[in-house]
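Q: This is the structure I have questions about; it appears just below.
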Amino acid sequence: MYAITGITGQVGGALARTLLAEGLPVRAVLRDAAKAGPWEAKGCAIALADMDDAASLAAAFAGAEAVFVLPPSEFDPEPGFPEARRVVDAIAAALMQARPARVVCLSTIGADAPHENLLTQRTLLEEALGGLGLPVTFLRPGWFMENALWDVPAAREEGVLCSFLQPADRKFPMVATQDVGRTAAALLRETWSGTRIVELEGPARVSPDDLARAFADAIGRPVRVEPVPRGSWEAIFRSQGARNPLPRIRMLDGFNEGWIEFHDHGASALKGTTTLETVIAGLVEADRARTAG
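Here it is in structure tokens:
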């Protein structure tokens with residue numbers, strides 16, 4: 206049995222569908238019983254657990270051959286990341302009690318960054334789970350291509366891509382979520398000992414200029430990049446409701462300044478097969494379907 210957390214998200218869903226397609230048993234670990242129906246229909250067993258509740262997580266992991274851990278991300282964390290620490294402590298305690306044969310944990314590029322930033326939440330996770338004495342793989346993907354979902358309206362309506370990633374021609378490590386899910390499924394079925402790190406990016410690195418071109422092709426109109434001035438970021442994020450925007454700002458700094466990067470600039474990272482053009486075309490098409498409906 207493979208116990209999968211985060212199954213209602215893009216990565217967890219892609220992982221679960223890959224395992225199910227191969228006839229493997231999946232236990233969907235959900236916080237909300239109302240979301241169980243579609244996964245029950247696919248043949249999944251269901252376990253209910255909160256990611257900060259060690260007892261319910263341990264019960265959800267009990268008897269599982271392998272566990273996929275996808276902790277929630279807090280995009281506006283309190284100083285010191287108390288939300289992430291509660292989740293990390295609960296996951297670690299649950300895994301120690303359940304003791305599955307293998308654990309794959311979704312981490313991130315930048316989990317080893319030299320400066321504190323939004324991704325430090327995954328640094329804390331790696332530090333805690335890496336010391337459990339279980340076979341643990343930390344899957345570190347690049348920036349999700351699907352983050353461009355937020356850019357669809359402006360690209361469609363104004364022909365503008367407002368970019369916090371800068372400069373516009375800089376290539377960044379990005380990957381499609383379906384490639385992350387498929388890679389996680391493959392890793393769960395492997396056998397290893399100790400702790401290992403697997404880095405993953407897409408078939409080619411992506412610049413904001415590349416994103417604009419992909420949007421232009423998908424939408425059928427010119428799209429230009431407008432870099433968002435660094436000095437305006439805090440005001441923008443606070444206007445969106447953020448109370449502590451510094452970690453997010455420092456994450457963006459890390460990508461732009463190059464200190465959030467794979468250890469060898471991606472030379473040994475696994476490469477996904479899903480192209481940027483495929484992802485952007487899918488986002489645009491889904492947006493058209495929503496607006497038409």
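Final position of the sequence shown in the working numbering is 498; the numbers increase by one with none missing. Positions of the beta carbon are idealized from the N, C-alpha and C atoms, including for glycine. Quantities reported herein were computed from a predicted structural model and do not represent experimental measurements.
1) Would Arg345 and Ser312 qualify as a contact pair, given that the criterion is a beta-carbon distance under 7 Å?
2) Residues in its own chain within less than 6 Å of Phe349 by CB, not counting five upstream and five downstream?
3) On the CB-based measure, 16 or more other CB atoms within 10 Å of its CB, does Cys210 come out buried or exposed?
4) Would you decide whether Ala491 is buried or exposed? Buried here means 16 or more other CB atoms lie within 10 Å of its CB.
5) Let me check understanding here. Comparing Cα to Cα, which of Leu329, Asp422 and Ile441 lies closest to Val510?
6) On the DSSP bridge list, what partners appear for Ile209?
7) Residue range of the alpha helix (DSSP H) that Arg495 falls in?
8) Please classify Ala409: is it buried, with 16 or more other beta-carbons within 10 angstroms of its beta-carbon, or exposed?
9) Going along the chain, which residues of its own chain have a beta-carbon closer than 6 Å to the beta-carbon of Ile454, five neighbours each way excluded?
10) Between Leu370 and Asn322, what straight-line distance do the alpha-carbon atoms span, to the nearest angstrom?
11) Ala208 and Phe266: beta carbons closer than 7 Å?
12) Between Met206 and Arg361, what straight-line distance do the alpha-carbon atoms span, to the nearest angstrom?
13) Touch check for the stretch 437-451 and the stretch 404-419: three-plus C-beta pairs under 8 Å?
14) To the nearest angstrom, how far is it from the Cα of Ala233 to the Cα of Arg222?
15) What would DSSP say about Lys476, mapped onto helix, strand or coil?
16) Reducing DSSP to helix, strand and coil, say where Ala359 ends up.
17) For the putative contact between Ala271 and Leu393, defined by C-beta atoms under 8 Å, what is the C-beta separation to the nearest angstrom?
18) Report the residue ranges of all beta strand (DSSP E) runs contained in full by the stretch 235-298; include only those spanning at least 3 residues, in chain order.
19) Determine the extent of the beta strand (DSSP E) in which Pro432 is found, giving its start and end residues.
20) Return the residue from the list Gly364, Ala295 and Thr325 that minimises the CA-CA distance to Phe286.
21) Using 7 Å as the threshold, is the C-beta distance between Gly471 and Val380 below it?
22) Taking only three categories from DSSP, how would you classify Glu332?
23) Use the C-beta contact count for Glu395: other C-beta atoms within 10 angstroms, 16 or more gives buried, fewer gives exposed.
24) What residue range does the beta strand (DSSP E) around Ser368 cover?
25) If you run the structure through DSSP and keep just helix, strand and coil, what is Ile402?
26) Taking C-alpha atoms, which residue in Ser473, Ile212 and Lys247 lies nearest to Leu225?
27) On a Cα-Cα basis, can you pick out the residue from Val216, Phe273, Thr342 and Arg429 that is closest to Leu366?
28) Tell me, which residues are paired with Met379 by DSSP?
29) Whose CA, out of Thr213, Ile485 and Phe467, lies closest to the CA of Phe377?
30) Would you give the residue range spanned by the beta strand (DSSP E) that Val216 belongs to?
A: This is what the structure gives:
1) Position 140 of the sequence shown, counted from the start, is the residue given in the question as residue 345. Position 107 of the sequence shown, counted from the start, is the residue given in the question as residue 312. Their beta carbons are under 7 Å apart, which means Arg345 touches Ser312 by this criterion.
2) Translated into the one-based positions of the sequence shown, residue 349 becomes position 144. Excluding sequence neighbours, Phe349 sits near Thr382.
3) For the purposes of this step, residue 210 is taken as the residue at position 5 of the sequence shown. In the sequence as displayed, the identity of residue 210 is Thr instead of Cys. Thr210 is buried by the Cβ-count criterion.
4) Along the sequence shown, one-based indexing puts residue 491 at 286. Under this definition Ala491 is an exposed residue.
5) The displayed coordinates of the chain run from 206 to 498. Any statement about residue 510 would go beyond what the structure contains.
6) Position 4 of the sequence shown, counting from 1, holds the residue named residue 209. Ala233 and Phe273.
7) Residue 495 sits at position 290 when you count from the first residue of the sequence shown. Its alpha helix (DSSP H) spans residues Leu481 to Ala497.
8) Sequence index remark: in the sequence shown, residue 409 carries index 204 (1-based). Flag for Ala409 reads exposed.
9) Taking the first residue of the sequence shown as position 1, residue 454 is located at position 249. Correct list, in chain order: Trp438.
10) Stepping through the sequence shown from its first residue, residue 370 is reached at position 165. Stepping through the sequence shown from its first residue, residue 322 is reached at position 117. Computed Cα separation, rounded: 15 Å.
11) As a working mapping, residue 208 is identified with position 3 in the sequence shown. As a working mapping, residue 266 is identified with position 61 in the sequence shown. Going by C-beta atoms, Ala208 is nearer than 7 Å to Phe266.
12) Residue 206 sits at position 1 when you count from the first residue of the sequence shown. Residue 361 sits at position 156 when you count from the first residue of the sequence shown. Approximately 44 Å, taken between the alpha carbons.
13) no
14) Residue numbering aside, residue 233 sits at position 28 when the sequence shown is read from its first letter. Residue numbering aside, residue 222 sits at position 17 when the sequence shown is read from its first letter. Rounded to the nearest angstrom, the two C-alpha atoms are 11 Å apart.
15) Your numbering for residue 476 matches position 271 in the sequence shown. Reduced to three states, the DSSP call for Lys476 is strand.
16) Taking the sequence shown and counting its residues from 1, one reaches residue 359 at position 154. Looking at Ala359 - three-state DSSP - the assignment turns out to be helix.
17) By one-based count along the sequence shown, residue 271 stands at place 66. By one-based count along the sequence shown, residue 393 stands at place 188. Their Cβ separation, rounded to whole angstroms, is 5 Å, which keeps Ala271 and Leu393 in contact under 8 Å.
18) 250-253 and 271-274
19) The residue labelled residue 432 in the question sits at position 227 within the sequence shown. Residues Arg429 to Pro432.
20) Locating residue 286 in the sequence shown gives position 81, where the first residue counts as 1. The shortest C-alpha separation from Phe286 is found at Thr325.
21) Counting from 1 along the sequence shown, the entry for residue 471 is found at position 266. Counting from 1 along the sequence shown, the entry for residue 380 is found at position 175. No.
22) Stepping through the sequence shown from its first residue, residue 332 is reached at position 127. Residue state, collapsed to three classes: helix.
23) Position 190 of the sequence shown, counting from 1, holds the residue named residue 395. Counting Cβ neighbours within 10 Å, Glu395 comes out exposed, since fewer than 16 surround it.
24) Here residue 368 corresponds to residue number 163 of the sequence shown, with the count starting at 1. Ser368 -> beta strand (DSSP E) spans Val365 to Ser368.
25) Your numbering for residue 402 matches position 197 in the sequence shown. Reduced to three states, the DSSP call for Ile402 is strand.
26) The count along the sequence shown starts at 1 and reaches residue 225 at position 20. Out of Ser473, Ile212 and Lys247, Lys247 has the C-alpha closest to the C-alpha of Leu225.
27) Translated into the one-based positions of the sequence shown, residue 366 becomes position 161. Looking at the Cα atoms, Arg429 is the closest of the given residues.
28) Working through the sequence shown from its first residue, we reach residue 379 at position 174. According to DSSP, which records beta bridges pairwise, Met379 is partnered with Trp348.
29) In the sequence shown, residue 377 corresponds to position 172, counting from 1. Nearest C-alpha to Phe377: Phe467.
30) Numbered from 1 along the sequence shown, position 11 holds the residue referred to as residue 216. No beta strand (DSSP E) contains Val216, which is instead part of the alpha helix (DSSP H) from Gln215 to Ala226.
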